[in-house]
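Shown next, in structure tokens, is the structure this report addresses.
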Amino acid sequence: MAAMRIATYNVNSITARLPRLLAWLESSGTDVLCIQETKCTAEQFPAEALREAGYESAVNATGRWNGVALLSRVGLTDVVTGLPGGPEYDGVEEPRAISATCGPVRLWSVYVPNGREVEHPHYAYKLAWLEALRKAVAADAAGTLPFAVLGDFNVAPTDEDVWDPALFAGATHVTPAERAALSALEGRGWARFCPAPQVRPGVHLLGLPGAALPQEQGHADRPDLRQRPVHGRRQGQLRGPRGAQGQGRVRPRAGRGGPRPLTGGGCGRRPQLTTKG
Numbered sequence: 001m002a003a004m005r006i007a008t009y010n011v012n013s014i015t016a017r018l019p020r021l022l023a024w025l026e027s028s029g030t031d032v033l034c035i036q037e038t039k040c041t042a043e044q045f046p047a048e049a050l051r052e053a054g055y056e057s058a059v060n061a062t063g064r065w066n067g068v069a070l071l072s073r074v075g076l077t078d079v080v081t082g083l084p085g086g087p088e089y090d091g092v093e094e095p096r097a098i099s100a101t102c103g104p105v106r107l108w109s110v111y112v113p114n115g116r117e118v119e120h121p122h123y124a125y126k127l128a129w130l131e132a133l134r135k136a137v138a139a140d141a142a143g144t145l146p147f148a149v150l151g152d153f154n155v156a157p158t159d160e161d162v163w164d165p166a167l168f169a170g171a172t173h174v175t176p177a178e179r180a181a182l183s184a185l186e187g188r189g190w191a192r193f194c195p196a197p198q199v200r201p202g203v204h205l206l207g208l209p210g211a212a213l214p215q216e217q218g219h220a221d222r223p224d225l226r227q228r229p230v231h232g233r234r235q236g237q238l239r240g241p242r243g244a245q246g247q248g249r250v251r252p253r254a255g256r257g258g259p260r261p262l263t264g265g266g267c268g269r270r271p272q273l274t275t276k277g
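Per UniProt numbering, residue 1 is the first one in the sequence shown, and the count goes up by one each step.
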């Protein structure tokens, strides 16, 4: 099987970040990109600019919030827009999931609901959404293709995934119910690409501008895939313009070495892929 590079990126508005995204796609050699928070309508999505860069695209986007997409230069077929059996919030099916076959791999790009506060209806919606994702992924993963789910999961799997656990006491993202829902998704013998980063001198983990985490402290991303050990790599040197989320582009690579420090999003059947170098 030919080498293949897969990445996930919470772009926090693809129209605002398009020039940097195009430059990064050209320099990184990425074959497939899973995008979250497009924050545009389907009509506003820059499909033509991405096509000129060599990428087919599939998008699930309806407006200024949420939105997910898949970009591929190795083929894009059997696209499923939305989360089969997923719940609605306030009577709306939010654009938070899209899946497709990209070359030899079946991929999902997901943006899990935030949950807001434990007592907020959005939290119950988040748990219902994760359960629907578990069922949909289990059905999709029953096929024979290598399989992965990548994206922004809005769950810290362990306290090691949080810069300061005390700041999250009683908050969403770290509750037992959320972690159990993520563990159920990660079950079935799947391997996580990116365990919690090992913080050490010289390693900067970017927080979200304007959020509770100080800049250069904390981390905001996580991926996984399902057969040989897989490792991911964070590209921390690329910073978006003002307002961009501090979430690195994660490049999961299969076939060599063990997991490297990183957080971000993804899980699935370990594909028999090799690295590009």
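Glycine residues also receive a C-beta, built at the ideal position from the N, C-alpha and C atoms.
What is the C-beta distance between residue i and residue j, in whole angstroms, given that I count them as a contact (C-beta under 8 Å)?
| i | j | result |
| --- | --- | --- |
| Arg134 | Thr172 | That pair is no contact at about 18 Å. |
| Thr30 | Ala7 | 5 Å |
| Pro84 | Leu145 | Rounded, the Cβ-Cβ distance is 17 Å, inconsistent with contact. |
| Ala156 | Phe147 | The pair is not a contact, with the Cβ atoms about 24 Å apart (cut-off 8 Å). |
| Leu106 | Gly143 | Strictly speaking, residue 106 in this sequence is Arg, with Leu absent from that position. Rounded, the Cβ-Cβ distance is 7 Å, consistent with contact. |
| residue 292 | Ala97 | Here the chain covers residues 1 to 277 and nothing more, so residue 292 does not appear. |
| Ser72 | Tyr55 | 6 Å |
Give every residue of the same chain whose Cβ lies closer than 6 Å to the Cβ of residue i, excluding the five residues on either side of it in the sequence, and list them in chain order.
| i | result |
| --- | --- |
| Ser13 | Lys39 |
| Asp152 | Asn10, Gln36, Tyr111, Gly265 |
| Glu88 | none |
| Val59 | Ala42, Phe45, Ala69 |
| Val79 | Ala58, Ala100 |
| Pro95 | Asn60, Ala61, Thr62, Asn66, Gly67 |
| Val32 | Ile6, Ser72, Cys102 |
| Thr77 | Thr101 |
In the structure shown, what three-state DSSP assignment does residue i receive?
| i | result |
| --- | --- |
| Asp140 | helix |
| Ala171 | coil |
| Ser183 | helix |
| Gln44 | coil |
| Glu26 | helix |
| Leu130 | helix |
| Tyr55 | coil |
| Thr158 | coil |
| Ala124 | helix |
| Ala16 | helix |
| Pro49 | Per the sequence shown, residue 49 should be read as Ala rather than Pro. Helix, per DSSP. |
| Ala97 | strand |
With a CB to CB cut of under 8 Å and the five nearest residues on each side skipped, what residues in its chain are close to residue i?
| i | result |
| --- | --- |
| Leu185 | Leu130, Leu133, Arg134, Val137, Val149, Cys267 |
| Trp182 | Note on residue identity: the sequence assigns Leu, not Trp, to residue 182. Correct list, in chain order: Leu130, Phe153, Val155, Pro157. |
| Val118 | Gly170, Ala171, Thr172, Thr175 |
| Ala177 | Leu127 |
| His122 | Tyr89, Pro113, Asn114, Gly115, Arg116 |
| Gly75 | Glu56, Thr101, Cys102, Gly103 |
| Ala49 | Leu18, Leu22 |
What does a CB cutoff of less than 7 Å around residue i pick up in its chain, not counting 5 residues either side in sequence?
| i | result |
| --- | --- |
| His120 | none |
| Trp65 | Lys39 |
| Gly63 | Thr41 |
| Tyr125 | Pro87, Tyr89, Pro113 |
| Ala47 | Ser57 |
| Val93 | For the record, residue 93 in the displayed sequence is Glu; it is not Val. Correct list, in chain order: Gly82, Gly86. |
| Asp159 | Pro165 |
| Arg179 | Val155, Pro157 |
Check the DSSP bridge columns for residue i and list the partner residues they point to.
| i | result |
| --- | --- |
| Ile35 | Tyr9, Ala69 |
| Asp152 | Tyr111 |
| Val79 | In the DSSP output, where bridge partners are listed per residue, Val79 has none listed. |
| Val105 | Cys102 |
| Val74 | In DSSP, Val74 forms no bridge with anything. |
| Val92 | Tyr89 |
Contact the region 21 to 30 vs the region 128 to 142: 3+ CB pairs below 8 Å = no
Between the region 159 to 171 and the region 122 to 131, do at least 3 Cβ pairs fall closer than 8 Å?
-> no
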